[in-house]
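Novice: Here the protein sequences line up with chains Z and R, keeping their order.
Residue 1 is where the first sequence starts when you use my numbering, and the numbers rise one by one after that.
Residue 205 is where the second sequence starts when you use my numbering, and the numbers rise one by one after that.
Virtual Cβ for every residue (Gly too), placed ideally from N, Cα, C.
Handing you a structure now.
Number of protein chains: 2
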Amino acid sequence: MSTCFDRAAIDQIEKRNRANLINSLAGYKSANLLGTVNAQGQSNLALMTSVFHIGANPPLVGVLFRPHSVPRHSLENIIEQGEYTLNMVTRDIYQQAHQSSARYPREQSEFTAIGLDEEYSDTCKAPYVAQSPVKTGLKLVETQTLAVNDTVLVVGEIVELHIEDALIGDDGQLDLNAANAVAISGLDEYHSARSLARLGYAKP
Amino acid sequence: MSTCFDRAAIDQIEKRNRANLINSLAGYKSANLLGTVNAQGQSNLALMTSVFHIGANPPLVGVLFRPHSVPRHSLENIIEQGEYTLNMVTRDIYQQAHQSSARYPREQSEFTAIGLDEEYSDTCKAPYVAQSPVKTGLKLVETQTLAVNDTVLVVGEIVELHIEDALIGDDGQLDLNAANAVAISGLDEYHSARSLARLGYAKP
Numbered sequence: 001m002s003t004c005f006d007r008a009a010i011d012q013i014e015k016r017n018r019a020n021l022i023n024s025l026a027g028y029k030s031a032n033l034l035g036t037v038n039a040q041g042q043s044n045l046a047l048m049t050s051v052f053h054i055g056a057n058p059p060l061v062g063v064l065f066r067p068h069s070v071p072r073h074s075l076e077n078i079i080e081q082g083e084y085t086l087n088m089v090t091r092d093i094y095q096q097a098h099q100s101s102a103r104y105p106r107e108q109s110e111f112t113a114i115g116l117d118e119e120y121s122d123t124c125k126a127p128y129v130a131q132s133p134v135k136t137g138l139k140l141v142e143t144q145t146l147a148v149n150d151t152v153l154v155v156g157e158i159v160e161l162h163i164e165d166a167l168i169g170d171d172g173q174l175d176l177n178a179a180n181a182v183a184i185s186g187l188d189e190y191h192s193a194r195s196l197a198r199l200g201y202a203k204p
Numbered sequence: 205m206s207t208c209f210d211r212a213a214i215d216q217i218e219k220r221n222r223a224n225l226i227n228s229l230a231g232y233k234s235a236n237l238l239g240t241v242n243a244q245g246q247s248n249l250a251l252m253t254s255v256f257h258i259g260a261n262p263p264l265v266g267v268l269f270r271p272h273s274v275p276r277h278s279l280e281n282i283i284e285q286g287e288y289t290l291n292m293v294t295r296d297i298y299q300q301a302h303q304s305s306a307r308y309p310r311e312q313s314e315f316t317a318i319g320l321d322e323e324y325s326d327t328c329k330a331p332y333v334a335q336s337p338v339k340t341g342l343k344l345v346e347t348q349t350l351a352v353n354d355t356v357l358v359v360g361e362i363v364e365l366h367i368e369d370a371l372i373g374d375d376g377q378l379d380l381n382a383a384n385a386v387a388i389s390g391l392d393e394y395h396s397a398r399s400l401a402r403l404g405y406a407k408p
């Protein structure tokens, strides 16, 4: 049995239930911790669930910042400093990663608050998460603001990768299962995954 | 043991391996079949792996179209017709969904080519995938083209939902595990998922 919700029916769903439903519609999302630092050297960490591939050559990654969300501190830091990191969230750290979405005061680093360690490289001034097995350093390339609701799309070019050797396959593919990467659905549900198949390049 | 790839090292990776690596960096992606129709009534179906939540009120969904990719037929249809559908990909149909990414000639509907059934409603002129348990009907609201590589972000407002009753929880959350929804990594790897926990709203 299926239910059809027209727009009037969707708008009548109780507010929190509607948020859960609409958030979970799009399916499994990747979980990444975004690391930034401000001019005063204050680090910041934010859980981002809208991170996606934009191009391989040059290597580009997009991150979506929804309006009025906590990661706005992060967005300010990215625009101010021009650099940031993305760190894959695994089963070992997903509870801490989720906790980073709490509204900590601006002067408190989420690293300290949730107990993850900052790690720095010479190439990128933003902090990496030491506990993450797949770390991406980026420089800001472009931002676009959506007219419809002030969501901001941030596009970054990859300047550096730190990846555990065992996770990279012979053909370059990362083994997300072996990394124990988690997926998110809705606002707060975390999942582990198991590979079904690799299907190769499809031909008619 | 970890390896650090600076930008020169990334650029030196063999082209296909680099595509696999950069594509799989961002983690698990949701799998959706995008249904469209053109002015001549020709239906089109495309596998989209960059679909994400943009807002719950009004309910908005974003889809990213990469340059020079097959789904450009779909993008043309969306802009021409102003309506499209997103259909959750499950274990039952992921092999067919992947096959839809083959380069079929424009005059051939992927529905016929891969063996999925079109389903229509009175509200949305674009075709739904009958076999999908979670179907979203959308109208085009906004498009943004990225200067950096001509990727197009399409934002749509939800006009209709068709969801199997058993998948909607008491609080509105969709049970993606029960739906047998799949996640994708890289260009061609499909995964099933199992819930670890729901963590609730995080507080400091």
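Considering only C-alpha positions, which residue in the set Z:D171, Z:V129, Z:D122 is nearest to G115 of chain Z?
Specialist: Z:V129
Novice: Taking any Cβ of chain Z, which residues in the region 300-313 of chain R have a Cβ under 7 Å from it, in chain order?
Specialist: Those would be H302, Q303, S305, A306, R307, Y308, in chain order.
Novice: Leaving out five residues on either side along the sequence, give the residues of the same chain with a beta carbon under 6 Å from the beta carbon of Q348 of chain R.
Specialist: Excluding its 5 nearest sequence neighbours in each direction, Q348 of chain R has C-beta neighbours in its own chain below 6 Å: L357, listed in chain order.
Novice: Check L176 of chain Z in the structure and name its three-state DSSP category.
Specialist: coil
Novice: Could you tell me whether the Cβ of D296 of chain R comes closer than 8 Å to any Cβ of chain Z?
Specialist: no
Novice: I'd like to know whether the C-beta atoms of L47 of chain Z and A31 of chain Z end up nearer to each other than 8 Å.
Specialist: yes
Novice: Is L75 of chain Z helix, strand or coil by DSSP?
Specialist: helix
Novice: Less than 8 Å between the C-beta atoms of G239 of chain R and A330 of chain R, yes or no?
Specialist: It is a contact, given that the beta carbons lie within the stated cut-off.
Novice: Can you give me the Cβ contacts of S278 of chain R inside the same chain, cut-off strictly under 6 Å, excluding the 5 residues immediately before and after it?
Specialist: L238, T240, N248, A250
Novice: Less than 8 Å between the beta carbons of L380 of chain R and S185 of chain Z, yes or no?
Specialist: yes
Novice: Check the C-beta distance from G137 of chain Z over to L60 of chain Z and give it rounded, since I have them as a contact under 8 Å.
Specialist: About 13 Å separates the two Cβ atoms, so there is no contact after all.
Novice: Check whether the Cβ atoms of H395 of chain R and A387 of chain R lie closer than 8 Å to each other.
Specialist: A distance below 8 Å separates the beta carbons of H395 of chain R and A387 of chain R.
Novice: Looking at the C-beta of L249 of chain R, does it have a partner C-beta in chain Z at a distance below 8 Å?
Specialist: no
Novice: When we look at the beta-carbon of Q312 of chain R and count the other beta-carbons within 10 Å, is it buried (16 or more) or exposed?
Specialist: Taking all protein chains shown into account, Q312 of chain R has fewer than 16 neighbouring C-beta atoms within 10 Å of its C-beta and is therefore exposed.
Novice: Answer with buried or exposed for T294 of chain R, where buried requires no fewer than 16 other C-beta atoms within 10 angstroms of its C-beta.
Specialist: buried
Novice: Compute the Euclidean distance between the alpha carbons of V99 of chain Z and E76 of chain Z, then round it to the nearest angstrom.
Specialist: A small fix is needed here, since residue 99 of chain Z is Gln in this sequence, not Val. Between Q99 of chain Z and E76 of chain Z, the C-alpha separation is close to 21 Å.
Novice: Using the C-alpha atoms, what's the distance from Y104 of chain Z back to E110 of chain Z?
Specialist: 7 Å
Novice: Suppose you measure from the CA of D339 of chain R to the CA of K135 of chain Z; what does that come to, to the nearest Å?
Specialist: Note that residue 339 of chain R is Lys in the sequence shown, not Asp. If I take the Cα positions, the gap works out to 35 Å.
Novice: For S228 of chain R, collect the residues of the same chain with a Cβ closer than 7 Å to its Cβ; drop the 5 residues on either side in sequence, then sort them by chain order.
Specialist: S389, G390
Novice: Which whole-angstrom value describes the C-beta separation of G376 of chain R and N17 of chain Z, a residue pair presumed to lie in contact below a C-beta threshold of 8 Å?
Specialist: Contact between G376 of chain R and N17 of chain Z holds: their C-beta atoms lie close to 3 Å from each other, under 8 Å.
Novice: Please state whether DSSP places E393 of chain R in a helix, a strand or coil.
Specialist: strand
Novice: Which residues in chain Z have a C-beta closer than 7 Å to the C-beta of A406 of chain R? List them in chain order.
Specialist: H98, Q99, S101, A102
Novice: Going along the chain, which residues of the region 378-393 of chain R sit with their C-beta nearer than 8 Å to a C-beta in chain Z?
Specialist: Those would be L378, L380, N381, A385, V386, A387, S389, G390, L391, D392, E393, in chain order.
Novice: Buried or exposed: Y84 of chain Z, going by 16 or more other Cβ atoms within 10 Å of its Cβ?
Specialist: Classification for Y84 of chain Z: buried.
Novice: State yes or no: is the beta carbon of V363 of chain R nearer than 8 Å to at least one beta carbon in chain Z?
Specialist: yes
Novice: Give a yes or no on whether 8 Å exceeds the smallest Cβ distance from Q12 of chain Z to chain R.
Specialist: no
Novice: Relative to the alpha-carbon of M292 of chain R, which residue among R:T253, R:E346, R:K407, R:R270 has its alpha-carbon at the smallest distance?
Specialist: R:T253
Novice: Apart from the five residues on each side of it in sequence, which residues of its chain come closer than 8 Å, Cβ to Cβ, to E80 of chain Z?
Specialist: N38, A39
Novice: Between Z:G82, Z:D122, Z:Q12, which has its C-alpha nearest L140 of chain Z's C-alpha?
Specialist: Z:G82
Novice: Looking at Q131 of chain Z and D165 of chain Z, is the spacing between their C-beta atoms short of 8 Å?
Specialist: Contact: no.
Novice: Looking at chain Z, is there any beta carbon in it that lies within less than 8 Å of the beta carbon of F256 of chain R?
Specialist: yes
Novice: Output, in sequence order along the chain, the residues in the region 136-166 of chain Z whose CB is closer than 7 Å to any CB in chain R.
Specialist: T136, V141, E142, Q144, L146, A147, V148, N149, T151, L153, V155, I158, V159, E160, L161, H162, I163, E164, D165
Novice: Indicate the three-state DSSP secondary structure (helix, strand or coil) for K219 of chain R in the structure shown.
Specialist: helix
Novice: Could you tell me the alpha carbon to alpha carbon distance between A317 of chain R and Y298 of chain R, rounded to whole angstroms?
Specialist: 14 Å
Novice: Find the residues of chain Z that neighbour V265 of chain R, judging by a C-beta separation of less than 9 Å, and give them in chain order.
Specialist: I22, L25, A26
Novice: Check the Cβ of H73 of chain Z against every Cβ in chain R and list those closer than 9 Å, keeping chain order.
Specialist: In chain order: nothing, as chain R lies at least about 14 Å away.
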